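Chains A and B supply the protein sequences, listed in that same order.
First residue of the first sequence: 1, per UniProt numbering; consecutive thereafter.
First residue of the second sequence: 1, per UniProt numbering; consecutive thereafter.
C-beta: ideal position from N, C-alpha, C; glycine also.
All of these numbers come straight from a predicted model, not from anything done at the bench.
Notes to accompany the following structure.
Number of protein chains: 2
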Amino acid sequence: MEHVLASGFVAGYQRDEMTEAEIEYEKSVYGPLTDAVRELVDATIRTTVDDDEIKAVQVEVEGIVARLRTSQLEGAYGVRYGATGRGRPWGNPTVGLRNAIAPPLVVDRSSDGRAWCGFHLGAAYEGPPGLVHGGVSALILDQMLGEATGAGGKPGMTATLTLRYRRGTPLGDLRAEAWIERSEGIKTWARGHIADAEGVTVEAEGLFILPRWARERIAAEAATPKYFE
Amino acid sequence: MEHVLASGFVAGYQRDEMTEAEIEYEKSVYGPLTDAVRELVDATIRTTVDDDEIKAVQVEVEGIVARLRTSQLEGAYGVRYGATGRGRPWGNPTVGLRNAIAPPLVVDRSSDGRAWCGFHLGAAYEGPPGLVHGGVSALILDQMLGEATGAGGKPGMTATLTLRYRRGTPLGDLRAEAWIERSEGIKTWARGHIADAEGVTVEAEGLFILPRWARERIAAEAATPKYFE
């Protein structure tokens with residue numbers, strides 16, 4: 001465990017000294033591309049155009065991929081930090097600006113350890129017909145509980161997470177919220193839920209623990225991420 | 001709850017009488033398109049081509065989306081059943097042949113209630129740098145436990161799911177397995193885990209319950225899905 005964390009983990013938090021203006025510019029470039037790809041994921045599931053058109057589109061998409069791959073990162077995106085310390089988890093599958101898998105969640109937070117957001121889930125998040133896949137709810141709640149612990153100054157990695165499914169969550173407009181329940185040293189317990197217009201559909205509680213390598217970095221006043229995912 | 005299940009849920013399980021040959025043909029058309037879109041999701045995160053090229057690609061992707069949307073399903077894909085009763089959860093975000101969010105998992109199962117698969121997670125599934133997002137592990141394990149219960153003839157919807165994160169799960173080649181622990185009437189308890197080459201990284205246990213509408217359909221010998229997500 002320590003080996004994995006000490007190598008891949010710390011190395012992945014990169015401070016690149018980008019200014020706020022540069023970050024805003026990058027958002028204006030990559031956000032619309034990601035939105036277009038997200039629409040393509042949805043259209044790929046739902047389209048009923050004829051097979052020749054599907055094949056033609058496939059070839060075009062393959063061509064676009066080849067162009068984008070002429071210059072690319074060797075591995076995953078990681079989490080970057082700009083000059084002001086503002087984090088950019090742009091590859092994250094729930095909140096990442098450059099990840100078309102992300103709905104995306106645009107999360108509000110408060111320093112008392114609360115996080116909340118409204119979001120929309122369409123065809124790409126379906127499990128049982130018309131309903132959100134139970135694992136997608138888990139994915140979103142893991143992120144939201146982590147956001148709450150980070151917002152409250154008690155960041156950690158998920159140690160345990162328990163989901164209670166009260167009823168099916170319909171696809172469509174939803175909201176999620178999470179909050180710190182209590183904290184003892186490096187351990188923080190958080191709770192949260194997803195709700196539709198009629199109320200809570202899924203509840204979650206989790207234990208988040210600040211890993212040793214992060215404690216050492218904090219002690220050394222090194223650049224330390226505020227959120228772990 | 002009953003309302004949601006009784007309307008959206010049952011309606012979404014559609015028997016369309018497609019033959020095995022027709023299904024295989026459809027797989028040959030849609031599988032490669034979905035693979036190409038999955039590559040595009042990855043390339044969108046990792047590309048470092050210049051901004052003009054990003055913008056050009058965005059416009060092309062938007063054009064492709066418009067073409068695919070000239071004829072499409074009104075809502076989500078649902079779960080279809082062919083003439084032999086073989087299910088096609090092709091919109092599913094973990095196993096769906098037409099869902100570029102899905103890694104995809106290609107799951108083996110046995111009738112004693114076991115399910116297992118090998119899979120690869122790249123940049124699109126990253127949480128902490130270099131590691132799988134904890135919520136993605138939850139998403140995969142929810143599916144795998146559900147697959148095990150269905151394989152053992154004890155299908156159900158997730159009622160509770162608990163994840164224990166033993167260490168970070170590195171991006172890359174992974175495997176997952178799940179099995180039925182015990183069953184009492186409409187309730188089935190399942191367990192499972194994700195592992196890398198060095199062993200288990202995340203464990204899960206869950207309770208799955210067969211909903212009332214499905215019990216009524218089984219009693220009436222109506223077409224009944226074997227898996228709920």
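Review point. Which residue comes first and which comes last in the alpha helix (DSSP H) that contains A/R166?
Key: For A/R166, there is no enclosing alpha helix (DSSP H), since its DSSP letter is neither H nor E.
Exercise for review: Taking only the alpha-carbon atoms, compute the straight-line gap between B/F9 and A/G130 and give it to the nearest angstrom.
Suggested key: Its pLDDT being 41, under 50, B/F9 is placed unreliably in this model, and the value from its coordinates should be taken loosely. Distance from the CA of B/F9 to the CA of A/G130, rounded to the nearest whole angstrom, comes to 6 Å.
Exercise for review: Would you please verify whether the beta carbon of B/P104 is less than 9 Å from any beta carbon of chain A?
Suggested key: No - not a single Cβ of chain A is within 9 Å of the one on B/P104.
Review point. How would you list, in chain order, the residues of chain A whose beta-carbon sits under 7 Å from the beta-carbon of B/V57?
Key: Within chain A, the residues near B/V57 are L33, I64, R67, L68.
Review point. By Cβ distance, which residues of its chain are closer than 6 Å to A/P32, with the 5 residues on each side in sequence left out?
Key: Excluding residues within five positions, none has a Cβ falling inside 6 Å.
Review point. Near A/G199, which residues of its chain fall below 8 Å by C-beta distance, leaving aside the five closest residues on each side in sequence?
Key: There are no such residues.
Check your understanding: Does the distance from the CB of B/L174 to the CB of B/H120 come in under 9 Å?
Key -> Closer than 9 Å, so yes.
Check your understanding: Between the C-alpha atoms of B/G85 and B/A21, what's the straight-line distance to the nearest angstrom?
Key -> Distance between the alpha carbons of B/G85 and B/A21: 14 Å.
Point to revise | Cβ neighbour criterion (16 or more within 10 Å) applied to B/E184 | key: By the neighbour-count rule (16 or more Cβ atoms within 10 Å), B/E184 is not buried but exposed.
Check your understanding: Going by Cα to Cα distance, which pick from B/S71, B/E181, B/V136, B/V65 is closest to B/Y165?
Key -> A check of alpha carbon separations from B/Y165 across B/S71, B/E181, B/V136, B/V65 identifies B/V136 as the nearest.
Practice item. Grab me the residues of B/T160's own chain with a C-beta within less than 7 Å of its C-beta, minus the 5 sequence neighbours each way, in chain order. Key: Cβ within range, chain order: G206, L207.
Review point. What's the C-alpha gap between A/I45 and B/Y13?
Key: Spanning the two alpha carbons is a distance of roughly 16 Å.
Review point. Can you list the residues of chain A that B/D51 reaches, using a CB-CB cut of under 7 Å?
Key: Near B/D51 (Cβ distances below 7 Å), the residues of chain A are V29.
**Study point:** Given A/C158 as reference, the closest of B/E53, B/R167, B/M157, B/M144 once Cα atoms are compared
**Key:** Inspection of the sequence shows that residue 158 of chain A is occupied by Thr rather than by Cys. Answer by Cα proximity: B/R167.
Exercise for review: Report the three-state DSSP secondary structure of A/K187 (helix, strand or coil).
Suggested key: Strand at A/K187.
Exercise for review: Give the secondary structure of B/E17 by DSSP, where H, G and I count as helix, E and B as strand, and everything else as coil.
Suggested key: DSSP, read as helix, strand or coil, puts B/E17 in coil.
Practice item. Compute the distance between the beta-carbons of B/A197 and B/T149, then report whether it is under 9 Å. Key: Taking 9 Å as the Cβ cut-off, B/A197 and B/T149 do not qualify as a contacting pair.
Review point. Opposite B/A178 in the DSSP bridges: which residues?
Key: Note: B/A178 sits in a beta bridge opposite B/A115, B/G192.
Practice item. For chain B, find out if any of its Cβ atoms is closer than 9 Å to the Cβ of A/R114; answer yes or no. Key: It does not; no Cβ of chain B falls within 9 Å.
Check your understanding: Between B/S110 and chain A, is there a C-beta pair that is closer than 9 Å?
Key -> Interface with chain A (9 Å Cβ-Cβ cutoff): B/S110 is excluded.
Point to revise | Proximal residues of chain B, C-beta to C-beta of A/E60 below 8 Å | key: At a C-beta separation below 8 Å, A/E60 has these neighbours in chain B: E60, I64.
Check your understanding: Looking at C-alpha atoms only, which residue of B/G146, B/P93, B/E181 is the closest neighbour of A/L139?
Key -> For A/L139, the closest alpha carbon among the candidates B/G146, B/P93, B/E181 is that of B/P93.
Review point. If the cut is a Cβ gap below 8 Å, which residues of chain B does A/G122 touch?
Key: Simply A76.
Check your understanding: For a contact meaning CB atoms closer than 8 Å, what does residue 250 of chain B contact in chain A?
Key -> Limits of chain B in this structure are 1 at one end and 229 at the other, which puts residue 250 of chain B out of reach.
Review point. Is there contact between the stretch 106 to 125 of chain A and the stretch 51 to 61 of chain B, where contact requires at least three CB pairs shorter than 8 Å?
Key: Contact fails: fewer than three Cβ-Cβ distances are below 8 Å.
Review point. Run through DSSP, which three-state label would B/G63 get?
Key: Correct three-state label for B/G63: helix.
Exercise for review: Check the Cβ of B/Y81 against every Cβ in chain A and list those closer than 9 Å, keeping chain order.
Suggested key: Ordered by position in chain A, no residue passes the 9 Å Cβ test against B/Y81, which lies about 11 Å from the chain.
Review point. If we call anything under 9 Å between Cβ atoms a contact, is B/G96 one with B/P89?
Key: Yes, they are a contact pair.
Review point. Under a Cβ-count criterion, where at least 16 other Cβ atoms within 10 Å of its own Cβ denotes burial, should A/R80 be classed as buried or exposed?
Key: It counts as buried.
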